[in-house]
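Position one of the sequence shown corresponds to residue 1 (full-length UniProt numbering), numbered consecutively onward.
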Amino acid sequence: MFSCRGRVIVVGMGKSGHIANKIAATLASTGTPAFFVHPGEASHGDLGMITQQDIVLALSNSGETHEVLVLVPVLKRLGIQLVAMTGNAESTLAKLADWHLCVKVAEEACPLGLAPTASTTAALVMGDALAVALLEARGFSADDFALSHPGGSLGRRLLLRLQDVMHQGNQIPLVPASATIKEALLEISEKGLGMTAVVATDGTLAGIFTDGDLRRLLDLRIDIHQTAIADVMVKNCITAKPEMLAAEALKIMEQRKINGLIVVSAANIPVGAMNMHDLLRAGVM
């Protein structure tokens, strides 16, 4: 399967068909192009979906499923390689296949010994083992996984960057270092992020002032109308770059017990701002 130049086509009937569908989905999401084809539909035209570059993985616990077996002569004629996954190594399907994966179980979990239970579980486990082995052989990474899962929470955690969620332009809370505390508070209130960046005359970040800093100042009876924000701001504050993963920013904020970050360029100029609520809205938390 690793050397297959096409796709892995997974087929199966009944409960084996449901397992085959899941195996195909797992393979596809872990770097091995794959899809499920219903054997009944395959014998009525859907075989045209399969090419000579593909490989077929056929599931049948008995190894004698008629709808699967009728496909074998056509697959052989087309030169398509066949992997069989059965519970009977002496079955017709096992003997006709190029490779056989035995998933034999002693008995079904069903008290009647009839409903596919243990056998389907064994096939599912084998399918997952195949997917994981191929994943490791391909060097498939978490970033690769995220690319096939952009709509899920994992995809958001692995793909979303601060530049995708941060406030930009005139939404960034900014005051000059010469501003008073009162002016900084008005900026914090207007922008609604619970903080403001303080910038030097050259536009670079000089510090940050937050709601929490204000609460700590209340006991000092400082005149907010006259005192410059530069006198009370936090210097050497924690910052982030636009390309930082949002999940990484969340980890930093949790570790440092802060609620927001100023995002700066390589020249240390504020280009964005974000807080926990932005990450929550983006589905990162």
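Yeah, the Cβ is synthetic: ideal placement off N, Cα and C, and Gly gets one too. Note that the coordinates shown come from a computational prediction; the quantities given were computed from them, not determined experimentally.
ask   = In terms of residue numbering, what span does the alpha helix (DSSP H) encompassing residue 126 cover?
value = Counted from its first residue, the sequence shown places residue 126 at position 126. Segment 118–138, the alpha helix (DSSP H) holding residue 126.
task = With distances taken Cα to Cα, identify the nearest neighbour of residue 138 among 237, 91, 150 and 4.
result = Translated into the one-based positions of the sequence shown, residue 138 becomes position 138. With distances taken between Cα atoms, residue 138 lies closest to 4.
inquiry  = Across the stretch 162–175 and the stretch 144–152, are there enough close Cβ pairs to call them in contact, namely three or more that are closer than 8 Å?
reply    = Fewer than three beta-carbon pairs drawn from the stretch 162–175 and the stretch 144–152 are found closer than 8 Å, and the two stretches are therefore not classed as touching.
request  = Round the Cβ separation of residue 31 and residue 156 to the nearest angstrom and send it over; I've been treating them as touching at under 8 Å.
outcome  = Along the sequence shown, read from residue 1 onward, the residue named residue 31 stands at position 31. Along the sequence shown, read from residue 1 onward, the residue named residue 156 stands at position 156. The C-beta distance from residue 31 to residue 156 rounds to 20 Å, too long to meet the 8 Å contact threshold.
request  = Mind reading off the beta-carbon distance from residue 162 to residue 263? Whole number of angstroms is fine, and I expect it under 8 Å.
outcome  = Translated into positions along the sequence shown, residue 162 becomes position 162. Translated into positions along the sequence shown, residue 263 becomes position 263. Confirmed, about 5 Å.
request  = Decide if the stretch 2–16 is in contact with the stretch 57–68; the criterion is three or more beta carbon pairs, one per stretch, under 8 Å apart.
outcome  = Cβ pair count under 8 Å is three or more, so yes.
ask   = Taking buried to mean at least 16 other C-beta atoms within 10 Å of its own C-beta, is residue 202 buried or exposed?
value = Counting from 1 along the sequence shown, the entry for residue 202 is found at position 202. Exposure of residue 202 is indicated by the presence of fewer than 16 other C-beta atoms within 10 angstroms of its C-beta.
message = Strictly by DSSP, which residues pair up with residue 35?
response = Residue 35 sits at position 35 when you count from the first residue of the sequence shown. Its beta-bridge partners are 9.
task = Can you tell me which of the three DSSP states residue 253 falls into?
result = Along the sequence shown, one-based indexing puts residue 253 at 253. The three-state reading of DSSP puts residue 253 in helix, counting H, G and I together.
Secondary structure, beta strand (DSSP E): runs of 3+ residues fully inside the UniProt domain "CBS" (166–224) = DSSP runs (the beta strand (DSSP E)) wholly in the UniProt domain "CBS" (166–224): 174–176, 195–199 and 205–210.
task = Give me the Cα-Cα distance between residue 251 and residue 272, rounded to the nearest whole angstrom.
result = As a working mapping, residue 251 is identified with position 251 in the sequence shown. As a working mapping, residue 272 is identified with position 272 in the sequence shown. Looking at the two C-alpha atoms, the distance is approximately 18 Å.
key: Beta-carbon separation (whole angstroms), residue 131 vs residue 27, contact threshold 8 Å   = Against the sequence shown, residue 131 aligns to sequence position 131. Against the sequence shown, residue 27 aligns to sequence position 27. The C-beta distance from residue 131 to residue 27 rounds to 5 Å, short enough to meet the 8 Å contact threshold.
ask   = Got a sec? Which residues, its chain only, sit under 6 Å from residue 24 by beta carbon, not counting five neighbours each side?
value = Working through the sequence shown from its first residue, we reach residue 24 at position 24. Within the same chain, and ignoring the five residues on either side of residue 24 in sequence, the residues whose Cβ sits closer than 6 Å to its Cβ are 10, 34, 35 and 36.
ask   = Just to check, is the beta-carbon of residue 274 closer than 6 Å to a non-hydrogen atom of the ligand FAD?
value = Among the components of this structure there are no ligands whatsoever, and the ligand FAD is therefore not found.
inquiry  = Considering only the alpha carbon of each residue, which of 12, 185, 88 and 6 lies closest to residue 49?
reply    = The sequence position of residue 49 within the sequence shown is 49, counting from 1. For the set 12, 185, 88 and 6, the Cα lying nearest the Cα of residue 49 is the one of 6.
query = Thinking C-alpha only, which one of 269, 256 and 212 is nearest residue 199?
reply = Within the sequence shown, the letter at position 199 stands for residue 199. Looking from the CA of residue 199, the closest CA among 269, 256 and 212 belongs to 269.
key: Cα-Cα separation between residue 1 and residue 8, rounded to whole angstroms   = Position 1 of the sequence shown holds residue 1. Position 8 of the sequence shown holds residue 8. Distance between residue 1 and residue 8, taken at the CA atoms: about 7 Å.
key: Closest Cα partner of residue 193 within the set 221, 183, 260 and 154   = Taking the first residue of the sequence shown as position 1, residue 193 is located at position 193. Considering only alpha carbons, the answer is 260.
query = Looking only at its own chain, which residues have a Cβ that is under 6 Å from the Cβ of residue 82, when we skip the five neighbours before and after it?
reply = For the purposes of this step, residue 82 is identified with residue 82 of the sequence shown, where counting begins at 1. Close CB contacts of residue 82 within its chain, under the 6 Å cut and outside five residues either way in sequence, are with 56, 75, 97 and 98 (chain order).
ask   = Considering only residues of the UniProt domain "CBS" (233–285), which uninterrupted alpha helix (DSSP H) runs meet the minimum length of 4 residues and lie entirely inside it, listed in chain order?
value = Scanning the UniProt domain "CBS" (233–285) from its first residue to its last, the whole alpha helix (DSSP H) runs of 4-plus residues come out as 246–256 and 276–281.
task = Take every Cβ of the stretch 216–233, pair it with every Cβ of the stretch 167–187, and state whether three or more of those distances are shorter than 8 Å.
result = As far as the Cβ criterion goes, the stretch 216–233 touches the stretch 167–187, which means the pair count is three or higher.
inquiry  = What does the alpha-carbon distance come out to for the pair residue 231 and residue 141?
reply    = By 1-based counting over the sequence shown, the position of residue 231 is 231. By 1-based counting over the sequence shown, the position of residue 141 is 141. Answer to the nearest angstrom: the Cα atoms are 47 Å apart.
query = Considering only C-alpha positions, which residue in the set 126, 41, 113 and 108 is nearest to residue 119?
reply = The count along the sequence shown starts at 1 and reaches residue 119 at position 119. It is 108.
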